[in-house]
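Numbering (our numbering), first residue to last: 565 to 933.
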């Protein structure tokens, strides 16, 4: 796909390439009307100026961009480690940009981030959030490959590479364990659905609860610990009874929940059992040790980096042969990494080797997977 140039802006606006260049640089001598026309046309056709060099050709493939959605979640720290350990052998640099600082997603920040990465002429992008259709198309215009992790490709481009967890089956696994305890009232403290994992996690928990003849209540919170604690407080303040188990959708939800349960004087698991998503390094040091779903985010990061590197190196080889530099995606570039429920004591089990629950048959998947 041909990359947009100043000449394309000239054809759209009818202005000279000199005027367009001056307008893009913010130089004097250009009317506000002309400058506005130039900027609007540049945005419409996806033109991105190269801040690193005036040469519009990408000559060095030695950096990749990583778009995260809240680095306050320890899941991402392990993910970043996996990516960096993989690209280190290629002498590549990872440029990290967060589009959901403290868990609050910012669409304008996403737009700015994508444009800055293109300006920097990164060789490829790994994104932990499903990007907007416009930003996905913009990366495609510039032949910049993208791999999604911990999120699905956009519906408009389902062929794009991804390395994910089967969150539906993982949630069925969590639900099967809770069913074994006989819990009948489940509370899912969830982050917003703009993180695509939320939908599949909730779907799996709903199906598992229905199979166990249990009730599931979903309480949504902004994706940070303070908001999670406030959302839990609001729910418990009006609930007729404390639920049997709280399921924390991720690390920020878990932290907020634990802080509020402590303030409320509720004992885990005596008064309420707790399980969560996303294993972290010191989860077994908390009292009681936490039962968590381990999605192996470090391994996901390694696999995503290997996939992206394979696509980039294939682009290099194609260009040397005089062929198109458009990324070539294959079905095997869409991968899933298995998850494991690490059972400790916060769910109501005894010490390792003395689990106080009755194993249940595997709950069939409603999605046929």
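Positions of the beta carbon are idealized from the N, C-alpha and C atoms, including for glycine.
Report task. Go through its chain and collect everything with a Cβ distance to residue 635's Cβ below 6 Å, but skip five positions before and after it. Result -> The residues are 662.
Query raised in the report: With 16 other CB atoms within 10 Å as the buried threshold, where does residue 846 fall?
Result: Classification for residue 846: exposed.
Query raised in the report: Just the Cα atoms here: how many angstroms apart are residue 568 and residue 757?
Result: When rounded, the distance between both Cα atoms is 34 Å.
Query raised in the report: Are there 16 or more other CB atoms within 10 angstroms of the CB of residue 557, so buried, or fewer, so exposed?
Result: For the chain, the structure presents residues 565 to 933; residue 557 sits outside this window and is missing.
**Report entry** Which listed residue (748, 779, 808 and 649) has its alpha carbon closest to that of residue 558
**Finding:** Residue coverage of the chain in this structure runs from 565 to 933, which leaves residue 558 outside it and unanswerable.
Requested in this report: Measure how close the beta-carbons of residue 816 and residue 795 come, nearest whole angstrom, since I'm counting them as under 8 Å.
Outcome: Between residue 795 and residue 816 the Cβ distance is about 11 Å, and since that is not below 8 Å, they are no contact.
Requested in this report: Determine the extent of the alpha helix (DSSP H) in which residue 801 is found, giving its start and end residues.
Outcome: Residue 801 -> alpha helix (DSSP H) spans 789 to 802.
**Report entry** Where the beta strand (DSSP E) through residue 883 begins and ends
**Finding:** It is not in any beta strand (DSSP E) - residue 883 instead sits in the alpha helix (DSSP H) that spans 861 to 884.
**Report entry** Span separating the alpha-carbon of residue 867 from that of residue 647
**Finding:** Roughly 8 Å separates the two Cα atoms.
Query - residue 890 classed as buried or exposed, judged by whether at least 16 other C-beta atoms fall within 10 angstroms - result: Only exposed fits residue 890, as fewer than 16 other CB atoms lie within 10 angstroms of its CB.
Requested in this report: Round the Cβ separation of residue 753 and residue 813 to the nearest angstrom and send it over; I've been treating them as touching at under 8 Å.
Outcome: About 6 Å separates the Cβ atoms of residue 753 and residue 813, confirming a contact at the 8 Å cut-off.
Query raised in the report: For residue 686, which beta-bridge partners are listed by DSSP?
Result: None; residue 686 has no bridge partner.
Query raised in the report: Apart from the five residues just before and just after residue 799, which ones in its own chain have a Cβ nearer than 8 Å to its Cβ?
Result: Around residue 799: 751, 781 and 783.
Query raised in the report: Going by the beta-carbon positions, is the gap between residue 765 and residue 731 smaller than 8 Å?
Result: Yes, the pair counts as a contact, with Cβ atoms nearer than the cut-off.
Requested in this report: Note down the Cα distance separating residue 572 from residue 611, rounded to an integer number of angstroms.
Outcome: In this structure, the straight-line span from the alpha carbon of residue 572 to that of residue 611 is close to 9 Å.
Query raised in the report: Out of 755, 759 and 688, which has the shortest C-alpha to C-alpha gap to residue 724?
Result: Checked all of 755, 759 and 688; the closest Cα to residue 724 is 688.
Query raised in the report: Candidates 676, 592, 608 and 715: which alpha carbon is nearest residue 864's?
Result: Of the candidates 676, 592, 608 and 715, the one whose C-alpha sits nearest the C-alpha of residue 864 is 715.
Query raised in the report: Three-state secondary structure (DSSP) at residue 666?
Result: In this structure, residue 666 counts as helix in the three-state DSSP scheme.
Query - Segment limits, alpha helix (DSSP H) that includes residue 577 - result: Going by DSSP, residue 577 is part of the alpha helix (DSSP H) stretching over 570 to 577.
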